[in-house]
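Have a look at the structure below, then the notes.
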Amino acid sequence: MKSQLPPKLKEYFSEKRFLHTLGCLEVGKLLGRIYKEDEKRVYEGIIFHDIARDWEFERIISFLRENEIGVSSDDLNSPGILHGFVASIIARKEFGIEDEEIILAIKYHSTGHPDFGRLGKIVYLADYLDPKRKLKGRRKILSIAKRDLNEGVIEVIKEKLKYIIMQREFIHPVTVEFYNRIVNDLKTG
Numbered sequence: 043m044k045s046q047l048p049p050k051l052k053e054y055f056s057e058k059r060f061l062h063t064l065g066c067l068e069v070g071k072l073l074g075r076i077y078k079e080d081e082k083r084v085y086e087g088i089i090f091h092d093i094a095r096d097w098e099f100e101r102i103i104s105f106l107r108e109n110e111i112g113v114s115s116d117d118l119n120s121p122g123i124l125h126g127f128v129a130s131i132i133a134r135k136e137f138g139i140e141d142e143e144i145i146l147a148i149k150y151h152s153t154g155h156p157d158f159g160r161l162g163k164i165v166y167l168a169d170y171l172d173p174k175r176k177l178k179g180r181r182k183i184l185s186i187a188k189r190d191l192n193e194g195v196i197e198v199i200k201e202k203l204k205y206i207i208m209q210r211e212f213i214h215p216v217t218v219e220f221y222n223r224i225v226n227d228l229k230t231g
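The opening position of the sequence shown corresponds to residue 43 in the numbering used here, with each subsequent residue numbered one higher.
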């Protein structure tokens, strides 16, 4: 199946990660059509989002240092998000992705970001709503997202926060900022 990828991109994917990415593409294309987002931009945001997901923490930190990317204490308290930082750099430097909205979507696909536009929200939702993930309520959230993108995002944030709180893990402030931005957008309609 990985043969569907450009040769240079294949090296970044385990079979498991590739299958996840295909599931994300399925959801992303669907939401992209509904919300009239450019298909190529959706593809690029999703295809690159997890290319460093299987990297060891030390390799991620080393890569970020080599590329002079600062990492805050909040970022270090949420190490599971750092692969997005690496992926955004690889997408730009090795694959020539220059669209800042795509780069932002890749970098913050795990936490969301208050500056996300339609594309960032689609990538965020697609990552969570991959049909291969056996998540309770996935279909319901997808149904909500198909009716209202922001309402779908709120549902995903709620589910992620529930999980983080149950695990007694650190909530990255950018997730809170993203949530507040979406709530304000919904209120001002």
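The beta carbon of each residue, even a glycine, is placed where N, CA and C say it ideally should be.
Since the model is a prediction, treat every value here as computed from it, not as a measurement.
If you follow the alpha helix (DSSP H) that P215 is in, where does it begin and where does it stop? Counting along the chain, the alpha helix (DSSP H) containing P215 begins and ends at 215-230.
Buried/exposed call for L228, threshold 16 Cβ in 10 Å: Taking all protein chains shown into account, L228 has fewer than 16 neighbouring C-beta atoms within 10 Å of its C-beta and is therefore exposed.
Secondary structure of P173, DSSP reduced to three states: Three-state DSSP puts P173 in coil, outside helix and strand.
Might you give, ordered along the chain, the residues of its own chain that have their beta carbon closer than 8 Å to the beta carbon of V69, omitting 5 neighbours on each side? When the five nearest sequence neighbours on each side are left out, the beta carbons in the same chain lying within less than 8 Å of the beta carbon of V69 are those of L167, A168, L171, D172, P173, L184, in order along the chain.
Determine, using beta carbons only, whether R95 and I144 come nearer to each other than 8 Å. In this structure, I144 does not lie closer than 8 Å to R95 by Cβ.
Alpha-carbon to alpha-carbon, E57 and L51: Near 13 Å, if we compare the C-alpha coordinates of E57 and L51.
Which runs of the alpha helix (DSSP H) at least 4 residues long sit entirely within the region 97-175? Give them in chain order. With a minimum length of 4 residues, the continuous alpha helix (DSSP H) runs that stay inside the region 97-175 are 99-108, 115-118, 124-137, 142-149, 160-170.
Measure how close the beta-carbons of A133 and F105 come, nearest whole angstrom, since I'm counting them as under 8 Å. A133 to F105, Cβ: 13 Å. No contact.
Please return the same chain residues whose Cβ sits closer than 7 Å to the Cβ of H62, not counting the five positions on each side in sequence. If you ignore the 5 residues before and after H62, its C-beta comes within less than 7 Å of the C-beta of D92, D172, K174, all in its own chain and listed in chain order.
Tell me where the alpha helix (DSSP H) around R95 begins and ends. Premise fails: R95 is in no alpha helix (DSSP H) and is neither H nor E.
DSSP-derived helix/strand/coil call for S185: Three-state result, S185: helix.
Contact set for I206: own chain, Cβ-Cβ below 7 Å, skip 5 residues either direction: Once the five neighbours on either side are set aside, the close Cβ partners of I206 are I213.
Just confirm the distance between the C-beta atoms of V198 and G87, as a whole number of angstroms; I'd bet it's less than 8 Å. So it is not a contact: roughly 16 Å between Cβ atoms.
I need the straight-line Cα distance from F127 to E140, nearest angstrom please. Distance from the CA of F127 to the CA of E140, rounded to the nearest whole angstrom, comes to 15 Å.
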